[in-house]
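This report concerns only the one structure given below.
2 protein chains.
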Amino acid sequence: MSFMRNMIIASTSTLYNSSYLAYLQTELTKLLKNVKEVLFIPYARPSGLSYDEYTAIAQEGLLFCDVKVKGIHEFSNAKEAINKAQAIFVGGGNTFVLVKELYEQAILELLKAKIEQGTPYLGTSAGSNICGPTMQTTNDMPIVKPPSFETLGCLPFNINAHFLVADKNSTHKGETRETRIKEFHVYNNTAVLGLQEGSWLDVKEAIVLKGNLDAYWFQKNKPVKICTPNTVFDEVASE
Amino acid sequence: MSFMRNMIIASTSTLYNSSYLAYLQTELTKLLKNVKEVLFIPYARPSGLSYDEYTAIAQEGLLFCDVKVKGIHEFSNAKEAINKAQAIFVGGGNTFVLVKELYEQAILELLKAKIEQGTPYLGTSAGSNICGPTMQTTNDMPIVKPPSFETLGCLPFNINAHFLVADKNSTHKGETRETRIKEFHVYNNTAVLGLQEGSWLDVKEAIVLKGNLDAYWFQKNKPVKICTPNTVFDEVASE
């Protein structure tokens, strides 16, 4: 695995009672220093927003650091857009929709290579789910069918974004997030990191948990481990 | 579409503070009258339970009506098991796991035909999700990849089991159930019925909402409709 990465992998784009990307401004100022234009990948289409509408939201969210945001759909050639990008932001929405389009455009491998060259990368929610080996710990509905669940593998473990600790007083009998991830481990070996809203991973030489909240580390056949902020994730011990 | 069906399609197997299938006992006594043996399909494996463990739970839940429950895995030939079944129960768990195994055993079409001959059918949760044209409105994680998302189509609309009305006081920024279903309708035309825990469909000549709770009817490009108990769903107006 390359150690040239420069990524912010965030559970969510937006905190309650806050504006889009606001809680990440300090981090993003660092990530995007020297960057004039950010390539935005709006494929996940939250609430079915058009690519243009979603790109406008991303532009608005990054105004504070004085960068131009351009949607990948505005380029005639998606591969060239990635090749030439100074920085890349993959926004949240539906992970199935995002991954299907990444496969249709045949840009997953290129995106991975570009990230591993050290190109600044911001992922939020679905854009973070795709950083692990597979998208199989998404919370999203399978509203479209991608040809494969395999994703970037820029992290050696999977992400569960918007992670929620079960409410012990709930009377709802649907599966808790923890139950779902444990069921994932009946069929899969990849470790899973449950990132609460407000947490992100800072990925450079090391993978470090940031924000004020704990994260939840799930490994097959092992008890859940609670990780405090600034935990460094071992590249190797992810299975 | 055949009108020979005799199905109970339930949002959940179990209510809070109640035992497995307890709230459905009156209905199941009717559904299973004259039935001596129920074929149980344990493929959805909630919490990764073995087929034997899960079948034992189903047997326990149906003891009250004096039927023998036999798991489909106990037969040397799954197709023959379905062909000979007096009644069929597909239990909940992970819908992706269930559908993958139904495809691997190549029994989806047979199951549909058997249901349309009027064989009594009970579905709970994942076992209800598969009654619609596709499993694409499941809440489950894609922990395995089925070859297709197409399911029985014994109903002309999709089910969302364990439906939850959004908590207006929530500070969580993950998608609400309603948002997810609206995103489904960006890409799909099939109507979706959100069934709360405690609701079920009684499917005979007609499809009727049962239980004490409202259900939520989602159609593409239309406002959500609230359906009160005893609503009859029109076979035709499902798109």
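Going line by line, the protein sequences match chains L and W. Those letters in the first sequence? Residues 1 to 239, by my numbering. Those letters in the second sequence? Residues 1001 to 1239, by my numbering. Glycine included, each C-beta is placed from N, C-alpha and C at the ideal position. Being a predicted model, the structure only gives us computed values, none of them experimental.
Taking CB distances under 9 angstroms as the criterion, tell me whether residue i reaches chain W.
| i | result |
| --- | --- |
| L/Q161 | Per the sequence presented here, residue 161 of chain L reads as Ala, with Gln not at that position. Chain W, which has a Cβ nearer than 9 angstroms to the Cβ of L/A161, makes this yes. |
| L/C111 | Note that residue 111 of chain L is Leu in the sequence shown here, rather than Cys. So, not an interface residue. |
| L/V90 | no |
| L/R5 | no |
| L/G174 | yes |
| L/F233 | no |
| L/M1 | Here the model assigns L/M1 a pLDDT of 47, short of 50, so the residue's position is not dependable, and the following value carries that caveat. By this cut-off, L/M1 is not an interface position. |
| L/H73 | no |
| L/S148 | yes |
| L/D140 | yes |
Inspect the beta-carbon positions of residue i and residue j and report whether they are closer than 9 angstroms.
| i | j | result |
| --- | --- | --- |
| L/M4 | L/Q117 | yes |
| L/A206 | L/F233 | yes |
| L/F149 | W/K1068 | no |
| W/I1009 | W/L1102 | no |
| L/L195 | L/S11 | yes |
| L/Y43 | L/I72 | yes |
| W/L1021 | W/Q1086 | no |
| W/L1152 | W/K1210 | no |
| W/T1055 | W/K1070 | yes |
| W/W1217 | W/V1224 | yes |
| L/I88 | L/T119 | yes |
| L/E175 | L/L15 | no |
Using alpha carbons as the reference points, say which of the options lies closest to residue i.
| i | options | result |
| --- | --- | --- |
| L/T134 | L/S47, L/I159, L/V224 | L/I159 |
| L/M141 | L/K112, L/S170, L/V99 | L/V99 |
| L/E37 | L/L111, L/D202, L/C65, L/Y23 | L/C65 |
| W/H1172 | L/I9, L/A10, L/N17 | L/N17 |
| W/D1167 | W/L1209, W/T1179, W/K1220, W/P1156 | W/T1179 |
| L/N212 | L/T176, L/L201, L/K222, L/K220 | L/L201 |
| W/S1199 | W/A1215, W/P1147, W/T1137 | W/A1215 |
| L/S125 | L/E74, L/T138, L/I115, L/K114 | L/T138 |
| L/I226 | L/K204, L/K220, L/I41, L/L193 | L/L193 |
| W/K1030 | W/E1053, W/L1062, W/L1015 | W/L1062 |
| L/E104 | L/K79, L/F89, L/P120 | L/K79 |
| W/K1220 | W/L1209, W/T1190, W/V1203 | W/T1190 |
| L/P147 | L/K84, L/V97, L/F157, L/N77 | L/V97 |
| L/E60 | L/F75, L/S19, L/L122, L/N169 | L/S19 |
| W/F1157 | W/I1181, W/N1169, W/E1197 | W/I1181 |
| W/L1122 | W/E1053, W/N1077, W/V1035 | W/V1035 |
| W/A1161 | W/R1177, W/K1222, W/E1053 | W/R1177 |
Would DSSP call residue i helix, strand or coil?
| i | result |
| --- | --- |
| W/N1083 | helix |
| L/G61 | helix |
| L/V99 | helix |
| L/V236 | Annotation note: pLDDT 48 at L/V236 (below 50); position unreliable, coordinate value reported separately. Coil. |
| L/H73 | helix |
| W/K1182 | helix |
| L/N212 | coil |
| W/N1158 | strand |
| W/M1001 | Note that W/M1001 scores 47 on pLDDT, short of 50, meaning its location in the model is unreliable and no value can be drawn from it. |
| W/K1145 | coil |
| W/G1198 | coil |
| W/Y1121 | strand |
| L/N230 | coil |
| L/L193 | strand |
| L/K225 | strand |
| W/I1115 | helix |
| L/L39 | strand |
| W/T1012 | coil |
| L/T55 | helix |
| L/R220 | The sequence shown places Lys at residue 220 of chain L, not Arg. If DSSP states are grouped into helix, strand and coil, L/K220 belongs with coil. |
Distance cutoff 9 angstroms, beta carbons only. Does residue i sit that close to anything in chain L?
| i | result |
| --- | --- |
| W/G1093 | yes |
| W/F1157 | no |
| W/T1151 | no |
| W/G1048 | yes |
| W/K1114 | no |
| W/K1225 | no |
| W/E1101 | no |
| W/I1107 | no |
| W/Y1043 | no |
| W/L1213 | no |
| W/Q1059 | no |
| W/Y1023 | no |
| W/I1143 | yes |
| W/N1189 | no |
| W/L1015 | yes |
Can you find a CB in chain B that lies within less than 9 angstroms of the CB of residue i?
| i | result |
| --- | --- |
| W/F1218 | Note that chain B does not occur in the displayed structure, where the protein chains are L and W. |
>> Any contact between the segment 125-132 of chain L and the segment 172-188 of chain L? By contact I mean 3 or more CB pairs, one from each, below 8 angstroms.
In response: no
>> Does the structure place the segment 1086-1096 of chain W close enough to the segment 1046-1060 of chain W that three or more beta carbon pairs sit under 8 angstroms?
In response: yes
>> Counting beta carbon pairs with one atom in the segment 20-28 of chain L and one in the segment 104-119 of chain L, are three or more of them shorter than 8 angstroms?
In response: no
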